[in-house]
Amino acid sequence: MPLQALLWDVDGTLAESERDGHRVAFNRAFEDAGLPWRWDEAHYGALLRITGGRERLLHDMASRGDAPALPDERLALAAELHRRKNAHYAEIVAAGQIPLRAGVMALIDEAASAGLKQGIATTTSRANLQALLQRHLGPRWSAIFEIAVCGEDVSAKKPDPEVYQRALAGLGVSFVDTLAIEDSPGGVAAARAARVPVIVTRSAYFADDMIDSAIAIGPGLHTRSGWRPATAAPSDGPVRLSDLRDWHTRGEWVSHLG
Ligand code: XBP
Ligand code: MG
């Protein structure tokens with residue numbers, strides 16, 4: 001069967017939203033709460049291996065002597081900080097400080113025009129997704145993406161496959177006819193555990209990570225150069241739907257370090 005559906009990851013794939021978005025928003029939430037905690041770029045990069053903002057926060061608190069000692073208090077503080085973080089994130093996005101990555105919008109539009117089904121499979125909260133897509137696509141975003149499975153919709157976040165399984169069910173498509181677009185090893189693992197073929201657009205925080213079992217890995221959707229396997233007809237332009245179809249048909253597994 002030809003390619004029927006695309007499932008998009010959000011953070012790192014649609015936008016470089018972590019370093020200048022979520023990280024900055026977390027630091028503002030810490031400041032609001034009178035906490036001395038600040039996450040610099042390198043520390044946040046290490047913390048990204050924990051998927052989910054609230055989970056990331058709880059993980060970080062575990063190594064801080066000035067975090068609440070009682071589990072209930074820690075959970076309550078994490079929930080409040082996460083809520084404030086998401087409000088700050090929405091403001092940052094609304095101010096236009098988090099653009100979509102180059103090549104993303106054109107490919108979404110091309111896939112929509114070709115009649116492909118498209119969905120979102122993300123670990124982020126629905127409010128964050130809404131803020132980002134509303135800012136860049138306007139109200140038409142919910143018509144373009146027939147399903148959006150977010151962090152609060154699953155019992156286990158990526159690398160668990162649940163988000164992909166729910167997205168496939170929501171679109172009514174089989175994994176074999178679908179392609180996932182991801183940027184992180186955890187996202188790739190989630191897609192693969194749901195048997196969905198996946199291509200990787202390298203993002204700032206996962207530029208050098210080992211990627212296992214993608215069908216294509218490249219520097220971003222803005223260019224057809226630098227992809228493995230190479231696109232069928234290399235040119236200076238962005239990745240096109242024909243490239244996705246080609247990779248999907250070939251189904252070559254590539255792993256890549258760096
Ligand atoms: C990225 C994540 C999220 C964001 C923050 O998910 O792990 O946790 O960092 O969002 P993906 P929340 O790449 O799957 O989009 O604070 O809402 O979790
Ligand atoms: Mg991602």
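For the sequence shown, the numbering used here begins at 1 and goes up steadily by one. Beta carbons: idealized from backbone N, C-alpha and C, even for Gly. Quick caveat: nothing in here was measured; it's all calculated off a predicted structure.
Less than 8 Å separates the beta-carbon of S203 from that of T13.
Taking a contact as a CB-CB distance under 8 Å, the pair D160 and A190 counts as one, their CB atoms being some 6 Å apart. Taking one beta carbon from each stretch, the region 74-94 and the region 116-136 have 3 or more pairs nearer than 8 Å; the two touch. Counting of Cβ neighbours within 10 angstroms places G65 among the exposed residues, the total staying below 16. In the structure shown, W141 falls within a helical segment according to DSSP collapsed to helix, strand and coil. Taking G96 as reference, the option from E16, Y164, G115, A167 with the minimal CA-CA separation is E16.
Listed in chain order, the beta strand (DSSP E) runs fully inside the region 147-192 are 147-149, 178-182, counting runs of at least 3 residues.
Taking 8 Å as the cut-off, the Cβ atoms of R54 and A78 count as close. The Cβ atoms of W253 and A216 lie no closer than 8 Å to each other. In terms of side-chain proximity, the C-beta atom of K158 is found nearer than 7 Å to a non-hydrogen atom of the ligand XBP. The three-state reading of DSSP puts R228 in strand, counting E and B together. The C-alpha of E31 lies about 14 Å from the C-alpha of D40. In the structure shown, L7 adopts extended strand secondary structure according to DSSP, grouped into three states. CA-CA distance, H22 to R224, rounds to 29 Å.
Of the residues P139, I144, R83, the one whose Cα lies closest to the Cα of L6 is I144. One alpha carbon belongs to K85, the other to V200, and they sit about 28 Å apart. With a cutoff of 8 Å on beta-carbon distance, L107 and L221 are scored as near each other. Sixteen is the threshold: when 16 or more other Cβ atoms of the shown chains lie within 10 Å of the Cβ of L81, as they do, the residue is buried. L129 sits in a helix when the DSSP states are folded into three classes. A buried status is given to R135, since no fewer than 16 other beta-carbon atoms sit within 10 Å of its beta-carbon.
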